[in-house]
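First up is the structure itself, then whatever we jot down about it.
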Amino acid sequence: MPSKWGGRGSAIPLLRIASDPRAWVLAGAAAAAGGRALSRWLTRFDLRGRTVLITGGTRGLGLELARQAGRAGARVAICGRDADTLARARESLSQTDASVLATTCDVTDRNQVAELIRSVQAGFGHIDVLINNAGMVEVGPVGAMTAADFERDMATNFWGPLNAILAVLPHMRARGEGRIVNIASIGGKLSVPHLLPYSSSKFALVGLSEGLRAELRASGILVTTVCPGLMRTGSARHATFKGRHDAEYTWFNLADNFPLLSMDVERAARRILSAVRYGNSHVVLSLPAKVADKVHGLFPGLTSDALGLANRLLPSTENHEHGVEGQHCRPVVSVPWLGARSDRAVTRHNQTG
1 MPSKWGGRGS AIPLLRIASD PRAWVLAGAA AAAGGRALSR WLTRFDLRGR TVLITGGTRG
61 LGLELARQAG RAGARVAICG RDADTLARAR ESLSQTDASV LATTCDVTDR NQVAELIRSV
121 QAGFGHIDVL INNAGMVEVG PVGAMTAADF ERDMATNFWG PLNAILAVLP HMRARGEGRI
181 VNIASIGGKL SVPHLLPYSS SKFALVGLSE GLRAELRASG ILVTTVCPGL MRTGSARHAT
241 FKGRHDAEYT WFNLADNFPL LSMDVERAAR RILSAVRYGN SHVVLSLPAK VADKVHGLFP
301 GLTSDALGLA NRLLPSTENH EHGVEGQHCR PVVSVPWLGA RSDRAVTRHN QTG
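No gaps in the numbering here: position 348 of the sequence shown is 348 in the numbering used here, and each next residue is one more.
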């Protein structure tokens, strides 16, 4: 009589399953999902009691990250260049009941960054999480840009994060753990017309961040690269516009606040802090940004040509005049409900200064 497990009747179905490619695919998918879940559990990083340093944490996405980190129980350190904006941010964060350290710092100055790291360590003991959020945006056609425009964007968007990373890295290595988050952009995945200085600097930051991820994991330090699309932060007010600056401000601000194109900053901050907790390598934020990233990865020529067509709709000029900050520009087209949305974002995210 055939045994329950080894009889002829049971062997045939087992052989059929073993020879079915679909069974192997399902088994592989299940194993991959299980491995991913185990990896997430092993690398989970509780923010409670941790020290989180956020550069550019005085407004916009940086301020919202600071709020949410504080509510999660973290000790929060922020920095910014403007003392008044910094004071308002500190006041806003006091409502979270978190321990807050606010310091003026220009991240392009290596000495100031080193002093920032020392002051945070003196106040909180050590830095567990570094979020490189400080950045700048210059908008306009390449014909209106100079080498100095590219240098300014590189100084803030690439050298700023690198200065902070090099200052904090020895301490994280000595402790054998840490998290570094680099806020890049979808503009660091595909280059967008009229944002060339910005995109160039963000491409450099993505390359740096991905390379650091590979090198530092063995030291217990996980690096996350974040590539947001447009977010409703009111940031157009502090961007710099060149060429036909009023027209450039108009299209940028409309896109920045249009619901289908832009993302709610509170949701973006939640996604980023989740990536910090689980040590994710990459985060692309907003559906349009995710689609653009996937399509460009598969068909780079197609997306480049499509962006070339879009460029024809944007204002053109060869004027090299000085840039104008968004708060001093006048929109050439007014959309009241989008304007009201922009005003709310400016107030909520400390963009008034």
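Quick reminder that beta carbons are idealized off the backbone N, C-alpha and C, glycines included.
Keep in mind the model is a prediction, meaning the values are calculated, not measured.
query, result
"Residue range of the unbroken beta strand (DSSP E) whose run includes R244", "Here R244 belongs to no beta strand (DSSP E), and DSSP marks it neither H nor E."
"Burial state of P2 (16 or more Cβ within 10 Å)", "Any reading at P2 must be qualified, since the residue scores a pLDDT of 49, below 50, and its modelled position is unreliable; the value itself is stated next. By the 10 Å Cβ count, P2 comes out exposed."
"Rounded separation between R78 and A269 - CA only", "Note on identity: in this sequence residue 78 is Ile, with Arg being the wrong assignment. Taking the straight line joining both Cα atoms gives about 15 angstroms."
"Reference R81; option with closest CA among T55, N257, A66", "T55"
"Unbroken stretches of the alpha helix (DSSP H), 4 residues or longer, contained in the segment 255 to 305", "265 to 278, 287 to 298"
"Of the listed residues R50, R330, P331, S219, nearest to G123 (C-alpha basis)", "R50"
"Buried/exposed call for F252, threshold 16 Cβ in 10 Å", "buried"
"Proximity to R71 [Cα-Cα], best of L314, A83, A87, L47", "L47"
"Supposed close pair P288, L314 - CB separation, criterion 8 angstroms", "Contact flag wrong, Cβ pair sits at about 17 angstroms."
"Contact belief for R98 with G243 at Cβ below 8 angstroms, rounded distance in angstroms", "The sequence as given places Ala at residue 98; Arg does not occur at that position. Not confirmed; about 42 angstroms, so no contact."
"Beta-carbon proximity check, M154 vs A204, cutoff 9 angstroms", "yes"
"Backbone CA spacing between G323 and F241 [nearest angstrom]", "5 angstroms"
"DSSP state of T352 mapped onto helix, strand, coil", "coil"
"Coil, strand or helix - P228 by DSSP", "strand"
"Minimum C-alpha distance to P197 - residue among V181, G220, E151", "E151"
"G220 versus Y278: straight-line alpha-carbon distance, rounded", "13 angstroms"
"Inter-stretch contact (C-beta, 8 angstroms, three-pair minimum) for the segment 129 to 136 and the segment 169 to 184", "yes"
"Where D149 falls, given that 16 or more other Cβ within 10 Å makes a residue buried", "buried"
"Supposed close pair D256, S235 - CB separation, criterion 8 angstroms", "7 angstroms"
"Three or more C-beta pairs below 8 angstroms linking the segment 106 to 118 and the segment 298 to 315", "no"
"C-alpha gap between P331 and A247, whole angstroms", "7 angstroms"
"Cut-off 7 angstroms between Cβ atoms - residues of its own chain near P193, not counting five sequence neighbours on either side", "L307, A310, N311, L314"
"Straight-line gap, G6 to K294 (C-alpha atoms, nearest Å)", "A caution first: G6 carries a pLDDT of 47, below 50, which makes its placement in the model too unreliable to give a value."
"Any non-hydrogen atom of the ligand HEM closer than 8 angstroms to P193 Cβ", "Although the ligand HEM was asked about, the structure shown includes no ligands whatsoever."
"Through-space distance from T225 to V265, alpha-carbon basis", "17 angstroms"
"Where R179 sits in the DSSP three-state scheme", "strand"
"DSSP-derived helix/strand/coil call for E210", "helix"
"Residue range of the alpha helix (DSSP H) that includes T85", "83 to 93"
"Beta-carbon separation (whole angstroms), A167 vs V113, contact threshold 8 angstroms", "5 angstroms"
"Cβ shell of G73 (< 7 angstroms), same chain only, five flanking positions each side left out", "L47, R48, G49"
"T233 in three-state terms, based on DSSP", "coil"
"First through last residue of the alpha helix (DSSP H) which encompasses R71", "60 to 71"
"Element boundaries [alpha helix (DSSP H), containing R118]", "110 to 124"
"Close beta carbons around I117, own chain, < 6 angstroms, minus the five adjacent residues each side", "A167, V168"
"N- and C-terminal bounds of the beta strand (DSSP E) containing A102", "100 to 104"
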